[in-house]
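Working notes for the structure below.
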Amino acid sequence: MSDFGTIVERDLQHATIRFERSLEADIAETWRWLTEPDRLERWMAPTQIDVRVGGTVEHRFDETDDGLAHGRILRVDVPHLLEYEWRFPGEPDSAVCFELRAE
5 MSDFGTIVER DLQHATIRFE RSLEADIAET WRWLTEPDRL ERWMAPTQID VRVGGTVEHR
65 FDETDDGLAH GRILRVDVPH LLEYEWRFPG EPDSAVCFEL RAE
């Protein structure tokens, strides 16, 4: 793994991109930064999120339809795992997964 992450190609059209970061924050605090709209807006984009399996997530990067990433929550294990679809206009559908663990 480089400082930037790793890419593992699964086939000609699919890959897994993995980033690992160490944060000086406890898991509960980090979880809040991933799931609370007011905090998400400060580091990512204005967000609406319903943190439950089947709930929705929308990140609004700008006011156009092209600036909306959205999807459904796929997996939740508070406060260790959050995975959701990432559908962004003009891009292949994908998913993002945050896994938190104490060191």
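Each residue of the sequence shown is one higher than the one before, starting from 5 at the first, in this note's numbering.
Where is the CB? At the ideal position from N, CA and C, for every residue including glycine.
Being a predicted model, the structure only gives us computed values, none of them experimental.
Identified DSSP bridge partners for residue i
i: GLU62; result: GLN52 and HIS74
i: ILE21; result: ILE11
i: ASP81; result: LEU85
Sequence-distant residues of the same chain with beta carbon closer than 8 Å to residue i, five excluded per side
i: GLU103; result: HIS84 and LEU85
i: TRP47; result: TRP37
i: VAL55; result: THR39, ILE77, VAL80, VAL82 and LEU86
i: GLU62; result: THR51, GLN52, ILE53, LEU72, ALA73 and HIS74
i: ARG14; result: THR20
Cutoff 6 Å; reference residue i; Cβ partners in own chain excluding five residues on either side
i: THR68; result: none
i: LEU44; result: THR51
Residues near residue i by beta carbon distance below 7 Å, same chain, minus five either side
i: THR10; result: ARG22
i: GLU89; result: GLY75, ARG76, LEU78, ASP97 and ALA99
i: VAL12; result: ALA19 and THR20
i: ALA49; result: HIS63, ARG64 and PHE65
For residue j and residue i, believed in contact at Cβ under 8 Å, the rounded distance
i: ILE108; j: ALA99; result: Past the edges of the chain, shown from 5 to 107, lies residue 108, and the structure says nothing about it.
i: ILE53; j: THR39; result: 6 Å
CB contact below 9 Å: residue i versus chain D
i: ARG46; result: Reference to chain D is not applicable here, since this structure consists of a single protein chain.
Legend entry - Any 3 or more C-beta pairs closer than 8 Å across the segment 68-81 and the segment 90-107: yes
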